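If you read the protein sequences in the order shown, they are chains B and W. Numbered according to the numbering used here, the first sequence spans residues 291 to 582. Numbered according to the numbering used here, the second sequence spans residues 10 to 310. Report on the structure given below.
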Amino acid sequence: MVLIGESIHIISKQVSDAVRDQNPKVIQDLAIAQAEAGADYIDLNLGPARKNPEEVTQWLVNTIQEVTDVPLSIDTLNPVAMEAGLKACKKRPLLNSSSGRTDSKDQMLPLAKKYSTDVVISVLTDKGCPPDVDSRTESIMETVAYANELGIPNEDIWVDPIILPVSADQKQVAEAAEFIKILSDLLPGVKSTVGLSNVSNGTPDELRGILNRTYMVMLGRNGLYSAIADVLDKELISLNKGKLPNVVDLIYKTMDGETVDIASLSQKEQDYVKTTKVLMGETLYSHAWLES
Amino acid sequence: MEYKAPLETYSGKVGEVVIGKGEKAIKIGGESVLPFHFFEGTIENRPRIALEVYDTEPEGWAEWVREPYKDVLSDPAGWAKKCLDFGADLVCLRLASTDPAGANAPADKAADMVKQVVSAIKAPVIVCGSGDEAKDVEVLTKVAEVCDGDKLLLGPVVKENYELISKAALDHGHCIIAQTPLDINLEKELNVKLLKSLPLDRIVIDPLSSALGYGMEYSFTIMERTKHIGVMFGDGTMQMPIIADLGGECWKTKQAKESQEQGLLWESVTALSLLLAGANILVLRHPESLKLMREVVDGRI
């Protein structure tokens, strides 16, 4: 799976301070760490980028490009910042993201065409996040058709089903996984991506990793092409490189409803089985899901 | 062609909890079908109804709520007896005096008073602290000790204070009320933590009961989902009986304070709804609502 490193995020205080003070060291260290960990892209999350969007974005892109040649994913809702970022990229970037919202169709999608980028298109619409597989399908068919009309081919489109936290809406986690499964039939040639760590938002910090990792494996089996993820999580990288085949096998078996002899497993393997069941919606989530 | 009713089969069963000792004991829970689904299985224990007793004379009650208890408002044991005269299965004794924001009565004094009430009546007793997380630990552990073996139902026990209270309940043979704020995931989390030290048949779930028009649908949904998850899907951490503590919530509404008739309807309609959602114990305030609910639950079981 193609991994997009998520650590340069404006919500992080370290990052927002560095951007404010134009301190390259912090940003470059994060970029190098993620590149060394194996990130295929580095995400640059600028949020709404209200102040000096052009200047800030260009500074960030150039600062990172000084230390690594890993391609960038420009992640902002501000079209001015987006255009400045795309312009500054040396390698073909990922526009992250557009959606079925009217403002996004009007202002973001044309940028993907203009700069010939790969582009994330999420299932969001003016009405918000579609609640099930059918409404996600309806939304994405419409937006992708719109993008095609603009001249963006399916091969450049990375569909994002929008991942919601399992602690907030458990049913949506399984719905998004199901959507990924049918996506290649719906829209042949499109790629896909998710904001993986969103699944564990709201879960106590020390427990987030296993949710992210398990969901990555589950979505990967359903055909997910890429994920914006915590690439500094070593176990996540190992799983993605196929170095933990027994864990992957257990997750698959659990997904298939096969009986797994829990008692014969190590603690870690048990945790993966329990987590798979929670993410499938088979057992009710609680912060104590690993304890029962 | 012969008609065959489409009946569900269920994989789980609600645990049976016994409150009160000896002849006083009553059982709640134990059903292996959804609430009132008599056509799909047996419901051995009907829902039980408690009336409230306060350890100090309550303030701010409408005259039509005070009226039935007017002779006993400062006599908890007498008040408890009166509740049984009105037909309650058990009483819910509220230790309002222990509230640190109020009289802040010491734990041992409250515990002695609980013992008097328990000794005075031939029915089981639910004992509720003031809701102050820290003070409730002192008060409820003391009550557990003084009433050793009386099989009280003690609460509320919350995420912040469950450890010592559940230990005291285990050591002295009581049951506890596991309370969470209208959130099924938090409810399950507390159950999981409690089950590490207490058996399932010592726990009753309180997901919080809101009054009609004041969020009752949230309480309804959570009770309903709890039964679905416990009984239909067999999740062993969600198979405790449920208590719907709704009387106080209903009588503090504007509508209930405006007229007795509205108040009784408010309490009864809320109670009936939560029974349908799966409540195994109702805690009511007014004896007339009790009478109405009695007709509902005794109609069949």
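The beta carbon of each residue, even a glycine, is placed where N, CA and C say it ideally should be. Note that the structure is a prediction, hence the values are computed from the model and not measured.
Of the residues the options, which one's Cα is nearest the Cα of residue i?
i, options, result
"isoleucine 231(W)", "Tyr171(W), Thr18(W), Ile251(W)", "Ile251(W)"
"leucine 401(B)", "Glu428(B), Leu440(B), Pro420(B), Val434(B)", "Leu440(B)"
"arginine 57(W)", "Leu299(W), His295(W), Ile290(W)", "Ile290(W)"
"proline 44(W)", "Arg294(W), Met302(W), Leu285(W)", "Leu285(W)"
"leucine 476(B)", "Ser389(B), Ser554(B), Leu509(B), Ile430(B)", "Ile430(B)"
"threonine 358(B)", "Gly390(B), Asn386(B), Asn368(B), Ala325(B)", "Ala325(B)"
"glutamine 125(W)", "Asp141(W), Asp159(W), Pro115(W)", "Asp159(W)"
"glutamate 169(W)", "Val292(W), Leu179(W), Leu199(W), Ser228(W)", "Leu199(W)"
Any idea what DSSP makes of residue i, helix, strand or coil?
i, result
"alanine 280(W)", "helix"
"proline 67(W)", "coil"
"glutamate 296(B)", "strand"
"tyrosine 78(W)", "helix"
"isoleucine 310(W)", "With a pLDDT of only 46 at isoleucine 310(W), under 50, the local geometry of the prediction cannot be trusted, and the value read off the model is given with reservation. Looking at isoleucine 310(W) - three-state DSSP - the assignment turns out to be coil, as it is neither helix nor strand."
"leucine 291(W)", "strand"
"glutamate 61(W)", "strand"
"threonine 51(W)", "coil"
"cysteine 101(W)", "strand"
"alanine 132(W)", "coil"
"leucine 414(B)", "coil"
"alanine 371(B)", "helix"
"glutamine 397(B)", "helix"
"alanine 329(B)", "coil"
"threonine 366(B)", "strand"
"lysine 165(W)", "Looking at the sequence provided, one finds proline at residue 165(W) rather than lysine. Reduced to three states, the DSSP call for proline 165(W) is strand."
"asparagine 530(B)", "helix"
"valine 537(B)", "helix"
"lysine 381(B)", "coil"
"lysine 341(B)", "coil"
"lysine 151(W)", "helix"
Note down, in chain order, each residue of its chain lying with its Cβ closer than 7 Å to the Cβ of residue i, except the 5 sequence neighbours on either side.
i, result
"glutamate 297(W)", "Leu273"
"aspartate 117(W)", "Lys151"
"isoleucine 310(W)", "Model confidence at isoleucine 310(W) stands at a pLDDT of 46, short of 50, so the residue's coordinates are unreliable; what they give is reported in the following sentence. Once the five neighbours on either side are set aside, the close Cβ partners of isoleucine 310(W) are Ile52, Arg55."
"threonine 18(W)", "none"
"phenylalanine 229(W)", "Ser282, Leu283, Ala286"
"leucine 414(B)", "Ser389, Gly390, Arg391, Ile452"
Please go through the same chain and pick out, in chain order, the residues whose beta-carbon is closer than 6 Å to the beta-carbon of residue i, but skip the five residues on each side of it.
i, result
"arginine 211(W)", "Cys184"
"isoleucine 300(B)", "Ser306, Asn335, Leu336, Gly337"
"proline 77(W)", "Pro296"
"serine 583(B)", "Missing from the structure shown is residue 583(B); chain B here goes from 291 to 582 and no further."
"serine 41(W)", "Tyr19, Lys22, Gly50"
"arginine 498(B)", "Ser490"
Quick one: what's got a C-beta closer than 8 Å to residue i's C-beta in the same chain, skipping five residues either side?
i, result
"valine 346(B)", "Val309, Leu336, Ala339, Ala371"
"valine 123(W)", "Leu102, Leu104, Val134, Val136, Val152, Val155, Cys156, Leu161"
"tyrosine 515(B)", "Met291, Val292, Trp448, Lys481, Ser482, Thr483"
"glycine 571(B)", "Gln460, Lys461, Val463, Ala464"
"alanine 519(B)", "Leu293, Ile294, Gly295, Glu296, Leu486, Ser487, Asn502, Met506, Leu526"
"leucine 534(B)", "Glu525, Ser528"
"threonine 493(B)", "Pro455, Val456, Ser457, Leu501, His577"
"glycine 513(B)", "Ile470, Lys471, Leu473, Ser474, Ser482"
Under 8 Å between the Cβ atoms of residue i and residue j?
i, j, result
"isoleucine 238(W)", "methionine 249(W)", "no"
"arginine 511(B)", "tyrosine 542(B)", "yes"
"valine 62(W)", "leucine 102(W)", "yes"
"lysine 33(W)", "alanine 177(W)", "no"
"leucine 529(B)", "glutamate 559(B)", "no"
"asparagine 329(B)", "glycine 295(B)", "A small correction: the amino acid at residue 329(B) is alanine; asparagine does not occupy that position in the sequence shown. Cβ atoms of alanine 329(B) and glycine 295(B): closer than 8 Å."
"cysteine 259(W)", "threonine 279(W)", "yes"
"aspartate 244(W)", "aspartate 215(W)", "no"
"serine 363(B)", "aspartate 319(B)", "no"
"valine 588(B)", "leucine 384(B)", "Here chain B has residues from 291 to 582 only, and residue 588(B) is not among them."
"valine 182(W)", "glutamate 233(W)", "The question names valine, but residue 182(W) in the sequence shown is glycine. Cβ atoms of glycine 182(W) and glutamate 233(W): not closer than 8 Å."
"lysine 266(W)", "glycine 96(W)", "no"
"tryptophan 349(B)", "glutamine 397(B)", "no"
For the ligand ATP, is there any heavy atom lying closer than 7 Å to the beta carbon of residue i?
i, result
"methionine 302(W)", "What this structure holds is no ligand at all, so the ligand ATP is not there to describe."
- Query: Closer than 9 Å, Cβ to any Cβ of chain B: which residues of the region 156 to 189 of chain W, in chain order?
  - Reply: none
- Item | Interface positions of the region 219 to 249 of chain W facing chain B (Cβ-Cβ less than 9 Å), listed along the chain | Arg234, Ile238, Phe242, Asp244, Gly245, Thr246, Met247
- Item | Near-chain W residues of the region 457 to 475 of chain B - C-beta to any C-beta below 7 Å | Ser457
- Query: Relative to chain B, which residues along the region 24 to 45 of chain W have a C-beta separation below 8 Å, given in chain order?
  - Reply: The residues in question: there are none.
- Of the residues that make up the region 199 to 219 of chain W, which ones have a beta carbon closer than 9 Å to any beta carbon in chain B? Leu199, Asn200, Val201, Lys202, Leu204, Lys205
- Message: Please identify, using Cβ separations under 7 Å, the residues of the region 566 to 578 of chain B that lie next to chain W, in order along the chain.
- Response: Thr573, Leu574, Tyr575, Ser576, His577, Ala578
- Query: Which of the residues in the region 487 to 516 of chain B, read from start to end, lie with their CB under 9 Å from any CB of chain W?
  - Reply: none
- For the region 93 to 123 of chain W, which residues have a CB atom closer than 8 Å to at least one CB atom of chain B, in sequence order? none
- Identify each residue in the region 363 to 376 of chain B for which the Cβ-Cβ distance to at least one residue of chain A is less than 7 Å, and report them in chain order. No chain A is part of this structure, whose protein chains are labelled B and W.
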